[in-house]
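Since the structure comes first, as structure tokens, the remarks are kept for the end.
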Amino acid sequence: ADTKHTVDLARHAQSIGAAGVGAISPYYNKYDEDTVFTHFQELIQAVDIPVFLYNNPAASGYTISTNLLVRLAKVGLAGIKDSTFDIVNYYHSQLALKDFPEMNLISGTEAIFVAAFDAGAQAAVTGLGNVYPDLMAELYQNYLSGDRKILMKTQEKALVVRQITKYGPTIPTCHAILKLRGVDCGYPRLPFKPVSTEIEQRVKSSLEALDLL
Numbered sequence: 056a057d058t059k060h061t062v063d064l065a066r067h068a069q070s071i072g073a074a075g076v077g078a079i080s081p082y083y084n085k086y087d088e089d090t091v092f093t094h095f096q097e098l099i100q101a102v103d104i105p106v107f108l109y110n111n112p113a114a115s116g117y118t119i120s121t122n123l124l125v126r127l128a129k130v131g132l133a134g135i136k137d138s139t140f141d142i143v144n145y146y147h148s149q150l151a152l153k154d155f156p157e158m159n160l161i162s163g164t165e166a167i168f169v170a171a172f173d174a175g176a177q178a179a180v181t182g183l184g185n186v187y188p189d190l191m192a193e194l195y196q197n198y199l200s201g202d203r204k205i206l207m208k209t210q211e212k213a214l215v216v217r218q219i220t221k222y223g224p225t226i227p228t229c230h231a232i233l234k235l236r237g238v239d240c241g242y243p244r245l246p247f248k249p250v251s252t253e254i255e256q257r258v259k260s261s262l263e264a265l266d267l268l
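Once you know that position 157 of the sequence shown is 212 in this note's numbering, the rest is easy, because the numbers rise by one and skip nothing.
Here's what the structure looks like:
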């Protein structure tokens, strides 16, 4: 999570043709706002492709404040993927970025997809998209259609599927779902282990009940 390795990886991504890079804030150690700002400023200045910030306090232990977001917007940050699960934070971010229309506010979860877009999100990168990209595309298209009744039914369906992915540890359960969908992606890497036969059968039954298998 140090700046040098982050910059090196970003430069490598650019060198092989990446259209942009996303980076989580430095983790493990506790950093103040100025330190986090310098980290991302160095990253932004090191490459010629757009840099997106991944705000995931559950993983990094650090929450990106609206003040820091504005400071980074001023030095060229392209956008933020927000996985705080905090809809109030979306509204505050949208308000803080009103003078930066080029900034992309991206939802990091399907759990509050509709609310996030209502609050100003322009895109979503969802965990559920790893196993049901078709359902996520349907959710987005239903949002664009303007039919709130159909939209909310799709949002509710996504929430139910989200809960199914938590029948066991999320990543191994998603591996099991992909296998059930005909995508054999092997086993999750250690320390994760494949889910039990019982959990896989429970997942299968629940997805069949939703006509998703």
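C-beta atoms are modelled at their ideal positions from N, C-alpha and C, and glycine is treated no differently.
In this structure, DSSP gives Y145 a helical state, which the three-state scheme calls helix. Taking C-alpha positions only, P156 is separated from A176 by approximately 12 Å. Only residues of its own chain outside the window of five on either side were considered, and among them T228, V250, I254, R257, V258 and S261 have a CB closer than 8 Å to the CB of Y222, listed in chain order. Taking one beta carbon from each stretch, the stretch 71-89 and the stretch 107-126 have 3 or more pairs nearer than 8 Å; the two touch. In the assembly as shown, L108 is a buried residue. Its beta-carbon has 16 or more other beta-carbons within 10 Å. In this structure, the beta-carbon distance from A151 to V180 does not fall below 8 Å. Look at the stretch 159-215 and you find these whole runs of alpha helix (DSSP H), each 4 residues long or longer: 168-173 and 188-200. Straight through space, the alpha carbons of I226 and P246 are spaced by roughly 11 Å. Membership of D137 in the beta strand (DSSP E) is indicated by the continuous run G134 to D137. A contact between stretches requires three or more CB pairs, one per stretch, nearer than 8 Å, and the stretch 180-192 meets this requirement with the stretch 203-214. Given a length threshold of 4 residues, each whole run of the alpha helix (DSSP H) inside the stretch 61-120 is given here in chain order: 88-101 and 112-115.
The stretch 192-208 and the stretch 140-154 do not touch, with fewer than 3 CB-CB distances between them shorter than 8 Å. K234 carries a helical assignment under DSSP once its states are collapsed to helix, strand and coil. Minimum Cα-Cα distance from L132 among the listed residues P105, T139, S138 and N122 corresponds to P105. By a beta-carbon distance limit of 8 Å, V169 contacts Y198. Their separation comes to about 7 Å. Within a 10 Å sphere around the beta-carbon of V91 sit 16 or more other beta-carbons, which makes this residue buried. By the 16-neighbour rule on beta-carbons within 10 angstroms, L64 is exposed.
Annotation: Q100 to A178 spans about 25 Å, alpha carbon to alpha carbon. Inter-residue distance for N111 and S120 is about 12 Å (C-alpha atoms, whole angstroms). A Cβ-Cβ separation of about 6 Å places T61 in contact with A78 under the 8 Å criterion.
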